[in-house]
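Novice: Dropping the structure in here first, questions after.
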């Protein structure tokens, strides 16, 4: 199935993404992990589509429902640690699992076409993470990583910034914004998206 409308157009803005992350460090070396789930909700589009058995069909109505699970496991190395500020280098793997459900209806007929698919892959990735303490429990965390390098996907990268509030020494609530770009194509499976939107999450430190 070929749709003359990119996934990035259909999924331009996230409705909401939730995440949980974990960080354990001895002050120099550490381990970082995160799990993030994204649900775009149903998106609708109209445009020309080439369908099996029907050929090119103009003005077709299409809807896409997509979910993405994104998890990482990184080793960390602290490059800077001053009063209220830390900066860590990251290296490890990021795992993706995608589910898509596409429905199209041919105008002027009762014919419809539906395709469901799920697939996943593992990317090597490197990145950086910083935290700044404003005091009184408030802080800021920024993180970015890039991966794939044609080993899993062609290229993936993501960046996030969030304001945090510490409920305790080990637990914090995060409210922020995330941008995620995925360029994956393998064995007839294609996911080429750029997504952005608000995030809500919890951070656990050890």
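Numbering (our numbering), first residue to last: 291 to 496. Note that CB positions come from ideal geometry on N, CA and C, so glycine has one too. Keep in mind the model is a prediction, meaning the values are calculated, not measured.
(1) Can you check whether the CB of residue 493 is closer than 9 Å to the CB of residue 464?
(2) Alpha carbon to alpha carbon, how far is residue 460 from residue 453? Give it in angstroms, no decimals.
(3) With a 10 Å radius around its C-beta and 16 neighbouring C-beta atoms as the bar for buried, classify residue 322 as buried or exposed.
(4) Can you give, in chain order, each stretch of the beta strand (DSSP E) that sits fully within the stretch 371 to 403 and has at least 3 residues?
(5) Taking only the alpha-carbon atoms, compute the straight-line gap between residue 488 and residue 357 and give it to the nearest angstrom.
(6) Just how far apart, CA to CA, sit residue 440 and residue 398?
(7) To the nearest whole angstrom, what separates the beta carbons of residue 351 and residue 395, a pair I think is in contact under 8 Å?
(8) Answer yes if the stretch 430 to 438 comes into contact with the stretch 409 to 419, meaning at least three C-beta pairs across the two stretches below 8 Å, and no otherwise.
(9) Residue ranges of each beta strand (DSSP E) run of no fewer than 3 residues wholly in the stretch 429 to 483, ordered along the chain?
(10) For residue 390, count neighbouring C-beta atoms within 10 Å of its own C-beta (all shown protein chains included) and say buried if the count is 16 or more, exposed if not.
(11) Exposed or buried, residue 364, counting other C-beta atoms within 10 Å across all chains shown (16 or more means buried)?
(12) Let me check understanding here. Comparing Cα to Cα, which of 477, 457 and 380 lies closest to residue 495?
(13) Three-state secondary structure (DSSP) at residue 496?
(14) Once the 5 residues before and after residue 433 are set aside, which same chain residues still bring their CB inside 6 Å of it?
(15) Taking the DSSP output, what are the residues bridged to residue 330?
(16) Is residue 402 buried or exposed, if buried means 16 or more other CB atoms sit within 10 Å of its CB?
(17) Sort out for me which residues DSSP pairs residue 357 with in a bridge.
Specialist: According to the structure data:
(1) yes
(2) 16 Å
(3) buried
(4) 375 to 395
(5) 16 Å
(6) 43 Å
(7) 5 Å
(8) yes
(9) 445 to 456 and 461 to 476
(10) buried
(11) buried
(12) 457
(13) coil
(14) 419 and 450
(15) Note: residue 330 sits in no beta bridge, so no partner.
(16) exposed
(17) 329 and 389
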